[in-house]
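Throughout the sequence shown, residue numbering follows the UniProt record's numbering, covering 1 to 636 in sequence.
Idealized CB from N, CA, C, for every residue including glycine.
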Amino acid sequence: MHTGERKSLTSLCGEWLLFRSGILSHHSEVYTVSWIRVRRRLAPVGAAAAALSMVGPLVPVAAAQDSSPQVLRVALVQEIDHLNPFTASFSSSAMIGRFSWEFLTLPSSEDATPTGGVAESWEASEDKLTWTFTIREGMTWSDGEPVTAEDAAFTFNKIMSDAKAAEANGSYVENFDEVTAADEHTLVIETKEPQASMTALDVPIVPEHVWSDIDDMHDPVTDSVDVVGVGSGPFLIAEYRPNELVRMTANEDYWRGAPAYDELHFIKFENADAAVNALRNGEVDFINRLTQAQFDSLQNEDGIETNQSSGRRYRELLMNPGAQNAEGDEIGDGHPALRDVEVRRAIAMAIDPKVLVDKVLGGYGEMPGSLVPPIYEDFHYQPGDDVRYEFDPAAANALLDEAGYERGPDGIRVDPDGNRLEFRLTGRASEDYAQRASDYLVSWLKDIGIAVTKNLVSDNEVDETTSSGHYDLAFSGWGTNPDPDYILAKQTCAALPASSGSSSSNAFFCDETYDKLYAQQSAELDPAKRAELVREAQARYYEMVPSYVLGYDMVLEAYRSDRFTGFVQQPEGEGQIMEQTGYWGFYGAKPVEGAAGDDSGLSAGVWVALGAGALALVAVGGTVVARRRSSTDDRE
């Protein structure tokens with residue numbers, strides 16, 4: 001371009017609207033302009049003339065990338081709740097933490113057996129009550145300070161002594177008696193009882209010299225780059241824009257060796273369709289949690305590879321059993337009828353999980369058992385025919401009749417106190433599964449005399465309502481680890497929240513029989529005996545049904561094979577890339593030789609698709625103004 005090179009912002013927005021209407025193609029040079037320049041140079045709010053004078057020339061992305069750093073751009077549909085590793089509970093947040101801070105040990109990429117991280121070796125005493133970890137020599141924090149046993153001791157003691165610091169990982173230390181640093185390279189952990197998960201402590205080790213100054217783990221400063229930017233992992237947090245972007249830079253001093261590219265970006269999208277379009281257009285390089293239709297549509301596309309594997313996540317329907325905090329005080333506003341286990345069992349019998357797997361997941365899922373997915377076959381519980389909740393509306397109706405829930409004139413049942421069985425069903429508006437599965441749930445439960453009102457809201461609102469007990473029914477799901485202790489601990493009485501709104505508990509389940517089984521499996525070091533106890537604990541959970549597992553998603557992923565290669569699967573060669581328990585997938589990725597770099601990771605389509613908090617450009621009477629989208633408090 002020459003005289004026409006500098007376009008007005010009004011013109012740019014008009015061309016975007018033309019693209020959205022289909023008049024301009026995906027590959028139009030106008031569309032593939034480096035729109036990030038517009039955002040960088042746009043005055044926050046001001047005269048159109050000022051904004052127009054600051055807009056740079058239209059530069060095709062490929063041209064802008066020639067001398068830019070190599071950036072792997074990952075689409076996120078799920079929001080980030082916290083970057084603070086002590087309070088982060090969402091899988092997306094925990095994943096970023098794994099890149100930032102090493103664990104003592106972590107599951108290997110080959111077969112998920114323990115491999116060294118901050119600790120290079122470890123051993124247990126003869127009575128299995130004392131574990132000694134040798135801290136890796138020469139390992140440093142990104143600010144140059146050495147990583148020592150004092151950092152590890154501080155991390156565990158902080159979780160042990162501060163309820164807020166225990167929200168994400170408190171279950172790992174409940175059995176700890178004392179944690180000390182014998183010297184800079186020797187960490188000693190003494191436990192009250194033998195603990196089978198000592199080589200599977202998924203706790204990010206943080207630098208004491210940074211985090212010891214934090215008094216309140218709920219202080220917003222704990223999510224700031226000044227605090228979370230000092231790490232020891234393969235990537236370091238360099239920028240955080242809530243609901244928009246987490247930008248990470250390669251740690252050149254990482255002890256395993258620096259990554260093969262410069263930056264790793266996690267870019268937030270409002271929905272999966274927008275993220276898929278961005279992948280097609282080359283605006284992002286990787287996306288996961290694809291629907292069946294999206295996955296099928298991406299197969300055999302030029303420049304795109306797909307990956308399918310068994311997953312470590314389960315989907316569930318939470319049924320508020322009477323939420324309470326750790327002191328036993330009732331919290332939230334769950335429907336009182338759900339405290340009756342017979343009502344919860346009737347709901348389970350009214351649900352057809354095969355339909356959800358076949359129709360909603362498009363066959364890319366596995367039928368449910370309990371909390372541990374089939375990928376971990378030693379610990380997976382599959383109920384027998386005599387106890388399984390089969391899809392049987394007639395039996396569900398009979399159970400409710402017998403329990404005294406009579407139908408009213410409109411067919412909706414009432415409890416003995418006259419309360420209608422009318423439940424709210426909470427789910428993520430951004431999630432295809434919740435949108436489609438909710439329609440089935442409404443229909444199935446109506447057949448047994450239960451009215452259901454859909455409440456599909458932002459990710460943050462789902463998290464707020466479920467963690468505070470302000471729900472009746474809710475779609476949820478968790479990723480499980482190779483060692484089952486973490487997910488089992490989430491269901492214990494000890495996991496009940498210290499206060500309304502903390503995320504310690506999963507389903508507000510508190511049952512003496514379950515707790516005994518959990519404690520027994522935790523202390524059992526014989527693998528076969530422990531596996532049996534793990535299955536027994538899940539059987540008790542299944543019987544009491546505070547939540548009902550709906551199925552296990554297959555992992556459906558896709559990436560730009562024309563830009564990156566070498567993604568590591570876990571298990572190696574056949575497993576998942578992104579939804580894993582380590583950082584191997586992205587750490588092992590390498591740029592394709594000759595592929596262009598990326599100056600920002602954000603192009604026109606990505607910027608417009610970003611979630612709440614992004615600037616929307618609006619033409620008013622020929623004048624362009626900038627305004628912030630109105631939104632509710634979108635915390636995940």
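Annotated as proximal: Leu356 and Leu550, with beta-carbon spacing under 8 Å. With contact defined as three or more Cβ pairs closer than 8 Å, the region 290-303 and the region 267-281 are in contact. Between the C-alpha atoms of Tyr514 and Arg535 there is a straight-line separation of about 11 Å. The alpha-carbon separation between Gly411 and Asn460 amounts to approximately 34 Å. As for any alpha helix (DSSP H) of minimum length 4 sitting wholly inside the region 195-279, the runs are 208-211 and 225-228, ordered along the chain.
The C-beta of Leu525 has fewer than 16 other C-beta atoms within 10 Å across all chains shown, which makes the residue exposed.
Our two residues, Val118 and Gln70, have alpha carbons roughly 28 Å apart in a direct line.
Judged by beta-carbon spacing, Thr480 lies within the 8 Å limit of Tyr376, meaning their Cβ atoms are closer than that value. Straight across, the Cα-Cα distance linking Val188 with Asp273 is about 49 Å.
Checking the DSSP bridge columns, you'll see Tyr559 partnered with Phe286 and Glu305.
Going by beta carbons, Asp463 and Asp81 fall inside the 8 Å limit. When only Cα atoms are considered, Glu406 and Ile347 end up about 16 Å apart.
Taking the Cα positions, Ser161 is about 12 Å away from Val179.
Phe286 and Tyr559 do touch by the CB rule: their CB atoms are close to 4 Å apart, below 8 Å. Pro114: member of the beta strand (DSSP E) spanning Pro114 to Gly116, first to last residue. In this structure, His265 sits near Val74, with a CB-CB distance shorter than 8 Å. Ile189: member of the beta strand (DSSP E) spanning Thr186 to Thr191, first to last residue. Beta-bridge partners of Ser443 (DSSP): none assigned.
DSSP places Ala507 in the coil class of the three-state scheme, outside both helix and strand. Counting C-beta pairs with one atom in each stretch, the region 117-135 and the region 155-170 have fewer than three that are closer than 8 Å, which means they do not touch. Where Leu533 is concerned, the enclosing alpha helix (DSSP H) starts and stops at Pro527 to Met544.
Contact annotation: Val387 and Tyr381 have beta-carbon atoms that are not nearer than 8 Å. In the three-state scheme derived from DSSP, where H, G and I count as helix and E and B as strand, Phe86 is classed as coil. Taking 8 Å as the cut-off, the beta carbon of Ala163 is found no closer than this to the beta carbon of Ala429. Under the criterion of beta carbons closer than 8 Å, Ile267 and Leu83 do not qualify as touching, at roughly 15 Å. Secondary structure of Pro353 (DSSP, three-state): helix. Residue pairing from DSSP places Pro591 in a beta bridge opposite Phe564. If you compare the alpha carbons of Ser232, Arg136, Val210 and Phe103 with that of Met198, the shortest gap goes to Phe103.
The DSSP-derived three-state label of Arg436 is helix. Take Ala403, set aside five residues on each side of it, and the residues of its chain with a beta-carbon closer than 6 Å to its own are Glu342, in chain order.
Under the 8 Å Cβ criterion, the region 563-574 counts as touching the region 99-113, having at least three qualifying pairs.
In the assembly as shown, Lys192 is an exposed residue. Its beta-carbon has fewer than 16 other beta-carbons within 10 Å.
Contact check for Val210 against Val225 fails: the beta carbons are separated by 8 Å or more. A residue is called buried once 16 or more other Cβ atoms fall within 10 Å of its Cβ, and Gly594, having fewer, is exposed.
Residue Asp340 holds the alpha-carbon nearest to the alpha-carbon of Pro416 among Asp340, Val555 and Glu512.
For Trp141, the three-state secondary structure derived from DSSP is coil.
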